[in-house]
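Residue numbers (mature numbering (1 follows the signal peptide of the UniProt record, and there is no 0)): -20 to -1, 1 to 205.
The beta carbon of each residue, even a glycine, is placed where N, CA and C say it ideally should be.
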């Protein structure tokens, strides 16, 4: 009886040890598989990149100087650049010219042969700009003696246009009505006589007749000589 009892106890002991080994093996294998799954999942998950902020400024070179332009403040320029898949290509088509009055620049863009759109930019006030004309040829831009105005001549297909741009009021005045009586014309040699008067040579296309005409800026009158 004693031997049978010892035999039974030994059997129970060995069975218990075997169950522990099996449990340990199952646990270890499960942990390894879980770790492999986690590692694989982590490695295969794509890393999301944060979008880069859209650059709202462009840099243009003029006379070995870099001028920064905030396109966000100039909707028409921002729209023009948005038509290019590569914004730099659009920037490369632009031309920036420094005018005779300090910190004023003329930007030519959207050009086709000799015709362009023209923006007047004020670097004293980066938020201030003015589209002077669209898809024309700029023949001349002359500052007044007091540097309060620009006398500007644009060439259209059939006739020329003359504009006075006042810098203080930041607006332009067209002399179309004053020139209407001349018909289709070509303008040349614009000159300021004083702050309120300027002259320009007018060639009438039909008559093939050249004459110098003096304009009074304040009164918007034409005085023929």
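By the Cβ criterion, the segment 186 to 199 is in contact with the segment 154 to 170, since at least three pairs of Cβ atoms, one from each stretch, lie closer than 8 Å. Distances from the CA of residue 167 to each of 137, 125, 150 and 53 were compared; the closest alpha carbon is that of 137. Per DSSP, reduced to three states, the secondary structure at residue 60 is helical. Of the other Cβ atoms in all chains shown, fewer than 16 fall within 10 Å of the Cβ of residue 126; this residue is therefore exposed. Here the alpha carbons of residue 179 and residue 134 stand approximately 16 Å from one another.
Here the C-alpha atom of residue 116 lies approximately 8 Å from the C-alpha atom of residue 94. Distance from the CA of residue 39 to the CA of residue 74, rounded to the nearest whole angstrom, comes to 11 Å. Its chain contains 182 as the residues whose beta carbon lies nearer than 6 Å to that of residue 191, once the 5 sequence neighbours on both sides are disregarded; these appear in chain order. In its chain, beyond the 5 residues on either side, 102, 103 and 104 have a beta carbon closer than 8 Å to the beta carbon of residue 83. Buried is the label assigned to residue 98, since at least 16 other Cβ atoms lie within 10 Å of its Cβ. For residue 36, no alpha helix (DSSP H) encloses it, and the DSSP letter there is neither H nor E.
In this chain, residue 83 is not harboured by any beta strand (DSSP E), its DSSP state being neither H nor E.
Excluding the 5 residues flanking it on each side, residue 153 has same chain C-beta neighbours closer than 6 Å at 144, in chain order.
For residue 114, DSSP assigns no beta-bridge partner whatsoever.
The bridge partners DSSP lists for residue 142 are 133. Counted as a single uninterrupted DSSP element, the alpha helix (DSSP H) harbouring residue 156 occupies residues 156 to 159.
Around the Cβ of residue 148, a 10 Å sphere holds fewer than 16 other Cβ atoms; the residue is exposed. For residue 103, the secondary structure class from DSSP, reduced to helix, strand or coil, is coil. At the C-beta level, residue 37 and residue 49 come within 8 Å of one another.
Minimum Cα-Cα distance from residue 141 among the listed residues 128, 151, 129 and 121 corresponds to 121.
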